[in-house]
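Q: Would you mind keeping the following structure in view while I ask a few things?
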Amino acid sequence: MDQQLRVFVTVADRQNFSRAAEELHMTQPAVSQYILSLERTIGTKLLERSNKYVRLNKAGEIVYHHAREILGLYTRMQSLVDDLMNTPSGHLTIGASYTYGEYVLPHVIAKLRKDYPLITPTITIHNSTVIVDLVATRQLDVGIVEGEYVNDKMCIEPFADDRMYVIISPGHRLASKQEVSIHDLMEETWIVREEGSGTREAAEKMFRQLQFQPQKRMEFGSTQVIKESVEAGLGISLLSYWAIRKERQLGTLCTLKIAGTPVTRDFSLVTKSNEFQTRALEIFMDLIRSHLPEGSHV
C-alpha cells in the first residue's frame, strides 16, 4: 500500500504519468498499474485524465491529503528505528517562513551538513501559516515560523526574537527628516507581504500600535521583491533586520527612527506535540537554538 500511495502522490504532484515514472525510475505502464490498483482498493476513480493533464478529483484530493500524512508517518517510523542502530542519519523535512528560510536557515543547514553529512535535509519555504499547516499534517518534521501562534496540538517553542524596521530608499523625502510623524507615514504607499505571512502580521501589529491604517498599499509575496520595490522608490515597508542587513551596509536602504519601532517578534520552532523525535531532528533543533541571528535575542 505504501508504494501505491507513493506513486499516487508523485503522479498528483507532477500532474503527468511520464514525469512521475521518470522520477520514480519506473515504466509508465507500471505507474498506471499502481494507480489502477489503488483506485480498486479505494473503490473509486481518483484522477481525471486527458491528453493534456492529470488532475485530482474530489475523492483524489481526500486520498492525496491523507496519503501525504501516511507516507510521512512511515518515513518517521523508519527513521526512529534506524536511529536505534546507527549514527545520526536519514531524511529530514524542514519548513521555514521566508525571512528565516531565506536569510538564516542556509547557514544552519551548512553547519548541519558539515557536522552530520548522513543527515539529508529537504527545505520548504513558505509563509508561516502554510508551514504550521504542513507540520500539523506531518508533511514536515519541523517548521520555523515568525510571529505568535497558539495551538494545543502543536509544540511551539520561541527560540529568538527578531527586530523589524521601517525601511525607505536613500533618496526618499523622509530620509533626511529627524522626526517622522504619523501623518507622514499615513501619506506613504506601504508595501506589505500577503495574508498569512509573519512579516504581514508584524506590520499590522505596528499599524495598530501607532493607531493608523495606510490608505495606499501594495501587496507582494516576496521579501526580495519588496526590498527592490522600496529601493526603486515605490513605497516604504517594514522588514526584518536580518533581511535588510546587507542593503543597510551597502547604503541602498535606510531605516526610519519612529517611536514604537523597531517592532519585535518571535522566531519559533514548530513540531507536533507528543511525537517521537529522531536524532536527526533533535540535532537540527539544537543547532537552531544555538544559531541566534545577529540582531536577535533569546
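If you're matching positions, the sequence shown starts at 205 in the numbering used here and goes up one per residue.
A virtual CB, placed ideally from N, CA and C, is assigned to each residue, including glycine.
On a predicted model such as this, the values are computed, not experimentally measured, just so you know.
At 4 residues or longer, and completely inside the segment 389–430: list those alpha helix (DSSP H) runs for me, N to C.
A: Complete alpha helix (DSSP H) runs here, min 4: 402–414.
Q: Alpha carbons only, please: which of Ser301, Glu273, Val213 is nearest the one belonging to Thr427?
A: The residue with the shortest Cα to Cα distance from Thr427 is Ser301.
Q: Between the segment 213–223 and the segment 251–262, are three or more C-beta pairs nearer than 8 Å?
A: The segment 213–223 vs the segment 251–262: in contact.
Q: Quick check: the Cα distance between Glu227 and Ala379, rounded to an integer number of angstroms?
A: If I take the Cα positions, the gap works out to 52 Å.
Q: Excluding sequence positions up to five away, which residues of its chain have a Cβ less than 6 Å from the Cβ of His501?
A: For His501, the predicted structure reports a pLDDT of 44, less than 50, and the residue's modelled location is therefore unreliable. A value from the coordinates is still provided. Answer for His501: Asp365, listed in chain order.
Q: Whole angstroms is fine: what's the gap from Asp206's alpha carbon to Arg280's?
A: Approximately 13 Å between the Cα atoms of the pair.
Q: Can you round the beta-carbon distance between Thr403 and Glu350 to whole angstroms, since I take them to be within the 8 Å contact cut?
A: That pair is a contact at about 7 Å.
Q: With a threshold of 16 other CB atoms inside 10 Å of the CB of Glu391, please say whether the residue is buried or exposed.
A: With fewer than 16 other Cβ atoms within 10 Å, it is exposed.
Q: Just to confirm the assignment: which complete beta strand (DSSP E) runs, minimum length 3, are found wholly within the segment 319–369?
A: Those beta strand (DSSP E) runs which fall completely within the segment 319–369 and span 3+ residues are 323–329, 346–350.
Q: My understanding is that Trp446 touches Val308, with C-beta atoms under 8 Å, so please give their C-beta distance in whole angstroms.
A: Contact holds; Cβ gap of about 6 Å.
Q: In chain order, which alpha helix (DSSP H) runs of at least 4 residues are fully inside the segment 222–278?
A: Whole alpha helix (DSSP H) segments, 4+ residues: 232–246.
Q: Using 8 Å as the cut-off, can you tell me whether the segment 457–466 makes contact with the segment 408–415, which would need three or more C-beta pairs spanning the two stretches below that distance?
A: Verdict: yes, contact present.
Q: Nearest by alpha-carbon distance to Thr303: which of His269, Ile274, Gly347 is it?
A: The option with the nearest alpha carbon to Thr303 is Gly347.
Q: Do the segment 439–458 and the segment 246–256 make contact, defined as three or more Cβ pairs closer than 8 Å?
A: Result no; under three Cβ-Cβ pairs closer than 8 Å.
Q: Look up Lys450 in the DSSP assignment and say whether it is helix, strand or coil.
A: Helix.
Q: Tell me where the alpha helix (DSSP H) around Gly294 begins and ends.
A: Taken as a continuous stretch (DSSP letters only), Gly294 belongs to no alpha helix (DSSP H), being part of the beta strand (DSSP E) at 294–300.
Q: Spatial neighbours of Leu242 within its chain, please: CB distance less than 6 Å, with the 5 preceding and 5 following residues excluded, ordered by chain position.
A: So the list reads Gln208, Phe212, once near-sequence residues are dropped.
Q: With three or more C-beta pairs closer than 8 Å as the rule, is the segment 433–440 touching the segment 311–327?
A: Result no; under three Cβ-Cβ pairs closer than 8 Å.
Q: Starting from the C-beta of Gly499, find all residues in its chain whose C-beta is less than 8 Å away, skip the five residues before and the five after it, and write them out in chain order.
A: The predicted position of Gly499 is uncertain, since its pLDDT is 49 and thus under 50; no value can be drawn from it.
Q: For Lys431 and Leu457, which I take to be in contact (beta-carbon distance under 8 Å), what is that distance rounded to the nearest angstrom?
A: About 7 Å separates the two Cβ atoms, so the contact holds.
Q: Rounded to whole angstroms, what is the Cα-Cα separation between Gly294 and Phe480?
A: If I take the Cα positions, the gap works out to 15 Å.
Q: Taking DSSP as the reference, what is the three-state secondary structure of Phe488?
A: DSSP places Phe488 in helix when its eight states are reduced to three.
Q: Where Ala216 and Gln237 are concerned, what is the direct C-alpha to C-alpha distance, given to the nearest angstrom?
A: Their Cα atoms are separated by approximately 15 Å.
Q: Apply the 10 Å Cβ neighbour rule to Ser283 and answer buried if 16 or more other Cβ atoms are within range, or exposed otherwise.
A: With 16 or more Cβ atoms within 10 Å of its Cβ, Ser283 is classed as buried.
Q: Return the chain-ordered list of same chain residues with a C-beta closer than 6 Å to the C-beta of Asp356, the five sequence neighbours on each side being excluded.
A: Hits under 6 Å: none found.
Q: Helix, strand or coil for Thr214? Go by DSSP, reduced to three states.
A: Residue state, collapsed to three classes: helix.
Q: State the start and end residues of the unbroken beta strand (DSSP E) segment that holds Val308.
A: Looking at the DSSP string, Val308 is not in any beta strand (DSSP E), and its letter there is neither H nor E.
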